[in-house]
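The opening position of the sequence shown corresponds to residue 1347 in the working numbering, with each subsequent residue numbered one higher.
One structure is given here, and the rest of the page talks about it.
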Amino acid sequence: MLILGLDQSITQTGFALYEFPGDERHMRCGSFSCKGEDAGEKCDAFARHLKPLIGSKERPIDFICWERARQQISAYPKKKSVDLLGLAATGAASLTVNADQLILPEIQGIIRAGAIFYRIPYESVSPMTWRAALYGRGGGRLGRDAAKARAKEYCKTLAIKFNNENEAEAACIARWAATCSQQFRLLMAGAAI
1347 MLILGLDQSI TQTGFALYEF PGDERHMRCG SFSCKGEDAG EKCDAFARHL
1397 KPLIGSKERP IDFICWERAR QQISAYPKKK SVDLLGLAAT GAASLTVNAD
1447 QLILPEIQGI IRAGAIFYRI PYESVSPMTW RAALYGRGGG RLGRDAAKAR
1497 AKEYCKTLAI KFNNENEAEA ACIARWAATC SQQFRLLMAG AAI
């Protein structure tokens, strides 16, 4: 069974192809980024990169697992703007959202639509769930940088070759799917999903 694990993003999406059962060292990792002027162009670029991964006729994907985007969008304090006189604006602090987080639900829709179109069973998993399962107690509550470092450490332990932290997280997601996903277990048992 060939599993595709995805740690998706606009800036850099990591992917891992894991033949299960099999040796993790043979997992193939890669990444791509989506450039464009606006959200639509970035989503189009994502879809163009995803299609050859899931639509390969040589070795079709049997299961897709990706990291579910957070339901809450993070907001950050906006930098103080300066007026024409060089004075900082005063008043209530305003907030700005992380623009990439606004696009993630669209990207997940592209993944889901591709899986449905190619009739590939799939599951999305929250970062807290897969990290806790692989890293143990407290692993689900790691901050972003600590979680990325832990993914690289986990992959090094299993001798999985990766080029960046997003590929390492994608490998971890594929590994979680193979060992912990209820949907994947049903697929392995021959049950319809």
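Note that the Cβ used here is the ideal one computed from N, Cα and C, for glycine as well.
Under the three-state reduction of DSSP, residue 1353 is assigned to strand.
In this structure, 1356 is the residue among 1356, 1487, 1352, 1370 with its C-alpha nearest to the C-alpha of residue 1448. Taking a cut-off of 8 Å for Cβ pairs, the segment 1366-1377 and the segment 1496-1508 touch, as three or more such pairs fall below it. Taken in chain order, the unbroken stretches of alpha helix (DSSP H) that lie wholly in the segment 1371-1406 and span 4 residues or more are 1385-1400. Taking each of 1397, 1520, 1456 in turn and checking the Cα distance to residue 1476, the smallest one comes out for 1520.
As summarised for the segment 1448-1492, the continuous alpha helix (DSSP H) elements at least 4 residues long and confined to that stretch are 1473-1481, given in chain order. Residue 1483 sits exposed, since fewer than 16 C-beta atoms from the chains shown fall within 10 Å of its C-beta. Check the Cα spacing between residue 1513 and each of 1493, 1530, 1478: the tightest is with 1493. Here the alpha carbon of residue 1485 sits roughly 12 Å from the alpha carbon of residue 1495. Each of 1488, 1487, 1517, 1389 was checked against the Cα of residue 1498, and the nearest Cα belongs to 1517.
In the structure shown, residue 1504 adopts coil according to DSSP, grouped into three states.
A direct Cα-Cα distance of roughly 15 Å separates residue 1450 from residue 1382.
Taking C-beta atoms as the reference points, residue 1460 and residue 1396 count as a pair closer than 7 Å.
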